[in-house]
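**Q** Using this note's numbering, read the sequence shown as starting at 37 and increasing by one per residue.
Dumping the structure here so I can ask a few things about it.
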Amino acid sequence: MSVLVLDQAGAQTVLQAAKEAAQQRNGPSAIAVVDPNGDLLAFQRMDGVRPASADLAIEKARTAARLQRPTAEIEDNINRGRTAFVTAGIAALRGGVPIRVNGEVVGAVGIAGFSMENDTGIANAAAAALSPLPKTAQ
């Protein structure tokens, strides 16, 4: 049985894609890339980003990785009255997206900048950036 693993090269590819997407949107951001357990693999806070955005980006990525779904879905659930998520120790803000390869979550990316629309767009672009596939561990 082989398990896909997001290695440092893959994390840097995702980070670079996020930076490029942020620059295209003129939306400097804090960018975090984590493994499936939510452990940080890569991070950058672009110039002009508030310091608090660093923690938000990391928590969005961790939430997306551990729950294996975009944080936008969690925020939507809360907005529809599923308030149990509020106390679950997760980041229920848009901008966290799982990184999937062949349907398997290999990590996640979290973006925190100046708008939820930009955060989501940048995260989606970054999560789609992996090609070729991450290394496979046997």
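Think of the CB as a built atom: it goes at the ideal place given N, C-alpha and C, for glycine as much as any other residue.
Using only the alpha-carbon positions, how far apart do G143 and G84 sit?
**A** Spanning the two alpha carbons is a distance of roughly 26 Å.
**Q** Tell whether a beta-carbon distance below 8 Å holds between E111 and A128.
**A** The answer is yes: Cβ separation under 8 Å.
**Q** Would L166 be called buried (16 or more neighbouring beta carbons within 10 Å of its own) or exposed?
**A** It is buried - the Cβ of L166 has at least 16 other Cβ atoms within 10 Å.
**Q** Taking 8 Å as the threshold (C-beta atoms), are L76 and A88 in contact?
**A** In this structure, L76 does not lie closer than 8 Å to A88 by Cβ.
**Q** Would A159 and G149 be called neighbours here (beta carbons separated by less than 8 Å)?
**A** No, Cβ-Cβ distance for A159 and G149 is not below 8 Å.
**Q** With a threshold of 6 Å on Cβ separation, who are the neighbours of L92 within its own chain once the five nearest residues in sequence on each side are excluded?
**A** A148.
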